[in-house]
Structure formats: structure tokens, C-alpha cells
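Please read the structure below before turning to the comments.
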Amino acid sequence: MNGKAPLVVVGDALLDRDLTGRAERLAPDAPVPVVDDCGERTRPGGAALAAYLAARDGRDVTLVAGVGDDPASRELRRLLEPWLTLVPLPLDGPLSEKTRVLAQDRPVVRLDRGAGRTREATDAAREAVRSAPAVLVSDYGRGAADALRDYLAARPPLVWDPHPRGGPPVPGTRLVTPAEKEAHGLAPQDGTSRRDLRAAAHSAAALVRHWRAAAVAVTLGARGALLSYGEHPLLVPAPAAHPGDSCGAGDRFAATAAGLLADGVLVAEAVEGAVAAATGFVAAGGAAAVPSADAEPSPPLPAGDDPCALAARVRAAHGTVVAAGGCFDLLHAGHVGLLQAARRLGDCLVVCVNSDASVRRRKGGGRPVNPLADRVRVLRALACVDAVAVFAEDTPERLLADLRPDVWVKGGDYAAADLPEAALLQEWGGQAVLLPYLDGCSSTALMERAAEGAR
Numbered sequence: 001m002n003g004k005a006p007l008v009v010v011g012d013a014l015l016d017r018d019l020t021g022r023a024e025r026l027a028p029d030a031p032v033p034v035v036d037d038c039g040e041r042t043r044p045g046g047a048a049l050a051a052y053l054a055a056r057d058g059r060d061v062t063l064v065a066g067v068g069d070d071p072a073s074r075e076l077r078r079l080l081e082p083w084l085t086l087v088p089l090p091l092d093g094p095l096s097e098k099t100r101v102l103a104q105d106r107p108v109v110r111l112d113r114g115a116g117r118t119r120e121a122t123d124a125a126r127e128a129v130r131s132a133p134a135v136l137v138s139d140y141g142r143g144a145a146d147a148l149r150d151y152l153a154a155r156p157p158l159v160w161d162p163h164p165r166g167g168p169p170v171p172g173t174r175l176v177t178p179a180e181k182e183a184h185g186l187a188p189q190d191g192t193s194r195r196d197l198r199a200a201a202h203s204a205a206a207l208v209r210h211w212r213a214a215a216v217a218v219t220l221g222a223r224g225a226l227l228s229y230g231e232h233p234l235l236v237p238a239p240a241a242h243p244g245d246s247c248g249a250g251d252r253f254a255a256t257a258a259g260l261l262a263d264g265v266l267v268a269e270a271v272e273g274a275v276a277a278a279t280g281f282v283a284a285g286g287a288a289a290v291p292s293a294d295a296e297p298s299p300p301l302p303a304g305d306d307p308c309a310l311a312a313r314v315r316a317a318h319g320t321v322v323a324a325g326g327c328f329d330l331l332h333a334g335h336v337g338l339l340q341a342a343r344r345l346g347d348c349l350v351v352c353v354n355s356d357a358s359v360r361r362r363k364g365g366g367r368p369v370n371p372l373a374d375r376v377r378v379l380r381a382l383a384c385v386d387a388v389a390v391f392a393e394d395t396p397e398r399l400l401a402d403l404r405p406d407v408w409v410k411g412g413d414y415a416a417a418d419l420p421e422a423a424l425l426q427e428w429g430g431q432a433v434l435l436p437y438l439d440g441c442s443s444t445a446l447m448e449r450a451a452e453g454a455r
């Protein structure tokens, strides 16, 4: 057992197909690109992608979806069979297929065919929903959720990912996850045509009331997600912006949020985790980089308490490991700016923080103001920080020798001569760099101003 709660996914499965090649010329008979040397790859789509991603996370997944015996359905069964349990619903018509033609990894055109819809529920499907410890509904408007609506209403799902052509979520759903455009289209109209953050907050609050849902998270692409319980919204920013293929990011978001809620975390924490997962999904290449059915599962990304394993994971994927160090006693705007800039230099950021005894030796009596546990908790709460490591010595050389980062970052109040770590980094081809602090920001100055104010 891996400790992850099982998940039942109810929804509309698709078969996605990518034809990928290169385009270097236009056709002689029309001003359209000619895509040469196309390679073909299929993968699960729609609800099947959400279920497949959850299963590849190491979760026990059951997919309840319309699947027939047409060629597309047979291919989808082949892709899913090693990873999850499929409870098929009868289809009227062939399974829907989406084919993208890409040149230099950019979509040129999309071709859709197959209009199969779920005809009815089955006893096996009803029992799967009735006995499910946790349910994600991935509604693509092809009838699966409607066929099981009465059973879903009896035990409202944890997450409902809606579609403009589908029905509304059942009342009591814990979290509904429309994309921004979907939220504006599905919310009761107020006459506005705005498409900004205020409009997203208004739509989310309206949908909480309209759907009688516990919460609505409007996904905002590279901006993150906006979570509303019907009042003041919580904006969960994306940890980084990536210009890559966003196809499938919504399914990654919904699958992660449902899994985390099934594991017992709070809604806000689930949305934070889902934003991070969707961001990483796009950074890795999006739907085009979804592992094939015969690929071994990747080891899970290490938690924040295992920074060396995180660094090894990123290195194995040919990524750049960044580390930054300091006491971070009273975390201020200068610290945050430094860490945000450091994170943009690579694919993960490990913060190396001095122990309490190390801070006292460096800063003198009365320091640190905040004990180590509090400093670590605050650092881990920053979206730009992937892990925190602690060192007890005066300098972090021993820790760096274990982490072996590609880039070592210190604040601009140091000089090159004050960085004994720089020579160490050269041993494995790393680079030490200085980044500027915000002018006038320091923990010492903050404490001095606080002391003066207390007199």
C-alpha cells in the first residue's frame, strides 16, 4: 500500500492522437503548411486522461466511462488496461477521437471524429459509484455523468470538472473546477463582458450559489486558480509561467485536486497542489509528454523534507538544481525577491537554512528571533521554494556536497571573497552567483525599528 486513497472517475473518455512532424514549406495548391515526416502517438483523452494520470501517480483508480467496440475504443482499452479498472458504459456510436497535427511541437490543426454518447448506466457502474470512497466527475458533455446523476447526487463527488455541453454538478459537490472561459459562460449573466480577475471572482461566487457547491476553483492558466466559497476568493498563483503545450492541464488539475481531497487535505491545500501539478505538467511538455502505457511509472516527486532526493530527481530529468542559503530569521521582501529570482534560474529551488545554533554563532545573542521550525515552515509556504534543508555548521559546504546544485545563490550583501562555497561548486561544474537584495531590506534593520517603536 502506498497510502493514497482510491479514486473512481466518472466521465466521458476520448482517444487523443498526435501527428507530429516538421513544416518548412507551403503546399503548392493552397497557402497551408506541409507537415513532413509525421510520427503518430495515441493517448487517453478526456476523463480517461484524468483517470490515467491519477493511476500513474500510484493511485488505485476505477474509470466509469462510455467505451464501445469500435477501433478507437479498442485502442483506448489497450492503453488503459495495465493501469486501472475500466467499468464500460454502452455507447451509441463510435468513441470520440481528437487528432492534433503539430509542426515543431505547435498545433497546426485539430480533427475531431466520432460522436459516441453514453446510452445508459449499468448495474456495475451504479455499484462502482455507490461504493466509491471518492469520486471525480470529468464531464465532457457526452452523457456519462447524466446517466449516473441520481447516484452521484446521493453521494456528491469530491470534484466535478464541468463542460459547457454537460449538465450542472450535483448539489453538494465539494469542488467544481471550470476553466475561466467556461466559468464566464456557465455563470448566471450579469450583463458584463469583462474577462479580468474581478469577473472571474464574480463568476466563481455566482456559480457556488447557482450550483450549491461547497467551492468553485476557476483555473486561470499561467496565472494559477481562483478559489471561491461564495465570498472573498483565494488566488492561488502558479509557481512559474511556462509557454508550453497546455492541452490536458485541466485534467491534471482535476485529477490532482480529487486525489488530494480523497487523501484528506483541505480544499485550499488541494487547489494549491493542483496548481503546482498543472504547472509542472505544462513545463514537462503537456499532453504530448504524457508517458506511454508501457513506460514505467516515474518515482513521485519528493516531499519538502527530502531535498537530496528532489535534487537527484531533477538532475535525472536533465533539469537545473538551484540552491540558496541564509538564516531567513525575519523573512522580509528582500528575502522573497531573492528566492523568487533564484527559482527562475532553474527547475527546482532548495533553500539551505542555518540551524538555531549556527545563527547564534553568526549573529550573536538574541538571535534567531524565530526558531528553526518556524523559519522552515514559512520558507516551505513560499510557492517558489521546492524544499528546505538545514545545516548546523557555520557554512553549508557539507550540505552542498550532498545536494550538488548547479547554481548556488547568495544575497548581494556578500562579496565574492565571502563565498567559500564558490570553489566547492566548481568541483562538479556548478556556479555560485550573487543576486541583489531590495535596497534597505534587512532583518537587523527591521528589529532595530521594532525596538525603537517599543520604547
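For what it's worth, full-length UniProt numbering labels the leading residue of the sequence shown as 1, then goes sequentially.
Glycine is no exception: its CB is placed at the ideal position from the N, C-alpha and C atoms.
This one's a predicted model, so the numbers in the text were calculated from it and none came from an experiment.
Give the C-beta separation of residue 19 and residue 38 to the nearest angstrom, bearing in mind that I take them to be a contact with Cβ-Cβ under 8 Å. 5 Å
Thinking C-beta only, is residue 339 closer than 9 Å to residue 330? Taking 9 Å as the Cβ cut-off, residue 330 and residue 339 do not qualify as a contacting pair.
Three or more C-beta pairs below 8 Å linking the stretch 41 to 48 and the stretch 132 to 150: yes
Nonlocal neighbours in the same chain, by C-beta distance under 7 Å from residue 372, ignoring five residues either side: 355, 356, 390
Candidates 162, 333, 76, 425: closest to residue 86 by CA position: 76
In the DSSP assignment, find the unbroken alpha helix (DSSP H) run with residue 308 in it and report its ends. 307 to 316
Would you say residue 53 and residue 134 are within 9 Å of each other, going by their C-beta atoms? No, these two residues do not count as a Cβ contact at 9 Å.
For residue 236 and residue 225, believed in contact at Cβ under 8 Å, the rounded distance: 5 Å
Please name the residue, chosen from 312, 375, 362, that lies closest to residue 332 on a Cα-to-Cα basis. 375
Between the C-alpha atoms of residue 467 and residue 147, what's the straight-line distance to the nearest angstrom? Any answer about residue 467 is impossible in this case: the structure gives the chain only from 1 up to 455.
Going by the beta-carbon positions, is the gap between residue 286 and residue 245 smaller than 9 Å? For residue 286 and residue 245, yes; Cβs fall inside 9 Å.
Near residue 64, what residues of its chain come up, given a Cβ to Cβ distance below 6 Å and the 5 sequence neighbours on each side ignored? Same-chain partners within the cutoff: 10, 87, 125, 128.
Where the alpha helix (DSSP H) through residue 97 begins and ends: First-last for residue 97: 97 to 103, but that is the beta strand (DSSP E), not the alpha helix (DSSP H).
Count the other CB atoms within 10 Å of the CB of residue 167; is the residue buried (16 or more) or exposed (fewer)? exposed
Determine the burial state of residue 182: buried for a count of at least 16 other Cβ atoms within 10 Å of its Cβ, exposed for fewer. buried
My output table needs one value for residue 427: the three-state DSSP class, helix, strand or coil. coil
Select from 281, 288, 386, 363 the residue whose C-alpha is nearest the C-alpha of residue 320. Per the Cα distances, 386.
What span of residues does the beta strand (DSSP E) with residue 460 cover, start to end? No information on residue 460 is available, as it lies outside the stretch 1 to 455 that the chain covers here.
May I have the straight-line CA-CA distance separating residue 34 from residue 25, to the nearest angstrom? CA-CA distance, residue 34 to residue 25, rounds to 6 Å.
Just how far apart, CA to CA, sit residue 298 and residue 405? Summary for residue 298: the model assigns pLDDT 46, below 50, so the residue's position carries little reliability; its value from the coordinates is reported in the next sentence. So the two alpha carbons sit approximately 22 Å from each other.
Nearest candidate by alpha-carbon position, reference residue 132, set 72, 101, 60: 60
Would you call residue 112 buried or exposed, if buried means 16 or more other Cβ atoms sit within 10 Å of its Cβ? In summary, residue 112 is exposed, with fewer than 16 beta-carbon neighbours lying within 10 Å of its beta-carbon over all protein chains present.
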